[in-house]
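Visitor: If you're matching positions, the sequence shown starts at 5 in this note's numbering and goes up one per residue.
Quick one: structure below, then a few questions.
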Amino acid sequence: MSYVHAAHTALSAAFFLIILSGLAAVVYHYLGGALGTLLQPTFLFKWVLIFVLLLAHLVQGRMQTWNIVVYGFAGGTWYALFLVHSVAPVASWETLGILYGFWIAFFGLVWTGFLLLLRGGLHLHFSLPAMPSLPPLPIMHKKPVAVAVMSPVVQAVVPPKIVLPPPPPPPPPPKPTPLFLPVPQPIITKKIPMAPVPVFDDYGDLPALRIMPQRPEDIVRHDRPAVVKFAGR
Numbered sequence: 005m006s007y008v009h010a011a012h013t014a015l016s017a018a019f020f021l022i023i024l025s026g027l028a029a030v031v032y033h034y035l036g037g038a039l040g041t042l043l044q045p046t047f048l049f050k051w052v053l054i055f056v057l058l059l060a061h062l063v064q065g066r067m068q069t070w071n072i073v074v075y076g077f078a079g080g081t082w083y084a085l086f087l088v089h090s091v092a093p094v095a096s097w098e099t100l101g102i103l104y105g106f107w108i109a110f111f112g113l114v115w116t117g118f119l120l121l122l123r124g125g126l127h128l129h130f131s132l133p134a135m136p137s138l139p140p141l142p143i144m145h146k147k148p149v150a151v152a153v154m155s156p157v158v159q160a161v162v163p164p165k166i167v168l169p170p171p172p173p174p175p176p177p178p179k180p181t182p183l184f185l186p187v188p189q190p191i192i193t194k195k196i197p198m199a200p201v202p203v204f205d206d207y208g209d210l211p212a213l214r215i216m217p218q219r220p221e222d223i224v225r226h227d228r229p230a231v232v233k234f235a236g237r
């Protein structure tokens, strides 16, 4: 029953959306000045089908048990509403009513057939040709498999490695003999006396020097010739 209540609640929400969109379409055509579209038999017939479905929905909500007729009629009306809304035929009220009646009758037959199939009322027998029996499969004997015998692995004996003693260290190199070089004797040089510096007198051929006289008696000597002559010449 929980599934039935959930389906009933979802169907109620669908009715609300359908009626809301239909009213919006009416307002749109009315404001657009398309009053002829609102008075078409097809447009009004859709509202009639919506009203019939709403009544069936209210009846289904009040029923305590499953009613095959009510659910079949509601299902056929739902499909009729979808067809009229999708095809939108230009027809009169009489034509739409006749088509609706034929459609409900056809859907009722299909609905009844499905119910009988689900409840097991109809038993369908299908004669299938007998399949020939297959011959038994031959038994395959496995051939003996020769098992290879592995010979034991003999490990070769490795002789121990002879470790030779390390060679003796080489002898140290001989120490170098010191070299004794002869010490040279000091060279004694004779001092050569220097030649005496000649002293020149006041009469040479040297230019006289003008020296400032320091004493009064030097004035006489100051006034001498510019060239000094030596005495021996």
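The beta carbon of each residue, even a glycine, is placed where N, CA and C say it ideally should be.
1) Do you know offhand how far S90's Cα is from G124's?
2) Could you tell me if Y104 is buried or exposed, where buried requires 16 or more neighbouring beta carbons within 10 angstroms of its beta carbon?
3) For L48, count neighbouring Cβ atoms within 10 angstroms of its own Cβ and tell me buried if that reaches 16, exposed if not.
4) When the Cα atoms are used, what is the spatial distance from W51 to A109?
5) Which residue comes first and which comes last in the alpha helix (DSSP H) that contains F184?
6) Relative to the alpha-carbon of L15, which residue among L58, M154, Q218 and L113 has its alpha-carbon at the smallest distance?
7) Would A84 be called buried (16 or more neighbouring beta carbons within 10 Å of its own) or exposed?
8) Once you ignore the five residues that flank S96 on each side, which residues in its own chain have a CB closer than 8 Å to its CB?
9) Could you check where the alpha helix (DSSP H) with P45 kicks off and where it finishes?
10) Leaving out five residues before and five after F19 in sequence, what residues of the same chain have Cβ atoms less than 7 Å from its Cβ?
11) Closest to L27 by CA distance: which of L42, G37, F106 and A17 is it?
12) Would V56 and V74 qualify as a contact pair, given that the criterion is a beta-carbon distance under 8 Å?
13) Just checking my contact of G65 with H12 at CB under 8 Å: how many whole Å lie between their CB atoms?
14) Quick one: Cα of L120 to Cα of S6, how far?
15) For W107, tell me which candidate among Q218, P220 and L87 has the shortest Cα-Cα distance.
16) Please go through the same chain and pick out, in chain order, the residues whose beta-carbon is closer than 7 Å to the beta-carbon of K9, but skip the five residues on each side of it.
17) Just verifying my parser: in three-state terms, what is the DSSP assignment at A95?
18) Please list, in chain order, all residues of the same chain as A92 whose beta carbon is under 6 Å from its beta carbon, the five residues on each side excluded.
19) Give the straight-line distance between the Cα atoms of H33 and L122, rounded to the nearest whole angstrom.
20) Measure the Cβ-Cβ separation of I54 and I102 and say whether it is below 8 Å.
21) Could you give the residue range of the alpha helix (DSSP H) that holds T41?
22) What do you get for L113, buried or exposed, if any count of 16 or more other CB atoms within 10 angstroms of its CB means buried?
23) Decide if L24 is buried, meaning its Cβ has at least 16 other Cβ atoms within 10 Å, or exposed.
Guide: Checking against the coordinates, here is how it stands:
1) The sequence position of residue 90 within the sequence shown is 86, counting from 1. The sequence position of residue 124 within the sequence shown is 120, counting from 1. Each residue's Cα considered, the two are about 36 Å apart.
2) Looking up residue 104 in the sequence shown gives position 100. So Y104 counts as buried.
3) Against the sequence shown, residue 48 aligns to sequence position 44. Exposed: under 16 other Cβ atoms inside 10 Å.
4) Within the sequence shown, the letter at position 47 stands for residue 51. Within the sequence shown, the letter at position 105 stands for residue 109. Roughly 21 Å between the two C-alpha positions.
5) Translated into the one-based positions of the sequence shown, residue 184 becomes position 180. Per DSSP, F184 belongs to no alpha helix (DSSP H) and is neither H nor E.
6) For the purposes of this step, residue 15 is taken as the residue at position 11 of the sequence shown. Nearest C-alpha to L15: L58.
7) The residue given as residue 84 occupies position 80 in the sequence shown. A84 is buried by the Cβ-count criterion.
8) Sequence index remark: in the sequence shown, residue 96 carries index 92 (1-based). Around S96: P45.
9) What you label residue 45 is simply residue 41 of the sequence shown in a count that begins at 1. That run of the alpha helix (DSSP H) goes P45 to R66.
10) Taking the sequence shown and counting its residues from 1, one reaches residue 19 at position 15. Within its own chain, the residues whose Cβ lies closer than 7 Å to the Cβ of F19, once the five positions on either side in sequence are excluded, are L58 and H61, listed in chain order.
11) Here residue 27 refers to the residue found at position 23 of the sequence shown. For L27, the closest C-alpha among the options L42, G37, F106 and A17 is that of L42.
12) The residue labelled residue 56 in the question sits at position 52 within the sequence shown. The residue labelled residue 74 in the question sits at position 70 within the sequence shown. No, the pair does not count as a contact, with Cβ atoms beyond the cut-off.
13) Sequence index remark: in the sequence shown, residue 65 carries index 61 (1-based). Sequence index remark: in the sequence shown, residue 12 carries index 8 (1-based). Contact flag correct, Cβ pair sits at about 6 Å.
14) For the purposes of this step, residue 120 is identified with residue 116 of the sequence shown, where counting begins at 1. For the purposes of this step, residue 6 is identified with residue 2 of the sequence shown, where counting begins at 1. Those two C-alpha atoms are separated by around 25 Å.
15) Numbered from its first residue, the sequence shown carries residue 107 at position 103. Among Q218, P220 and L87, the Cα nearest to that of W107 is on L87.
16) Locating residue 9 in the sequence shown gives position 5, counting from the first residue. Looking at the sequence itself, residue 9 is His, so the reference to Lys does not match. Result list for H9: empty, nothing under 7 Å.
17) As a first step, residue 95 must be located in the sequence shown, where it is residue number 91. In the structure shown, the three-state DSSP call for A95 is coil.
18) As a working mapping, residue 92 is identified with position 88 in the sequence shown. So the list reads T46, once near-sequence residues are dropped.
19) Within the sequence shown, residue 33 is the residue found at index 29, counting from 1. Within the sequence shown, residue 122 is the residue found at index 118, counting from 1. Between H33 and L122, the C-alpha separation is close to 46 Å.
20) For the purposes of this step, residue 54 is taken as the residue at position 50 of the sequence shown. For the purposes of this step, residue 102 is taken as the residue at position 98 of the sequence shown. I102 is positioned such that its CB atom lies no closer than 8 Å to that of I54.
21) As a working mapping, residue 41 is identified with position 37 in the sequence shown. L39 to L42 is the span of the alpha helix (DSSP H), which, as asked, contains T41.
22) In the sequence shown, the residue the question calls residue 113 occupies position 109. Answer is exposed; the Cβ neighbour count stays below 16.
23) The residue labelled residue 24 in the question sits at position 20 within the sequence shown. Exposed, since its Cβ has fewer than 16 Cβ neighbours within 10 Å.
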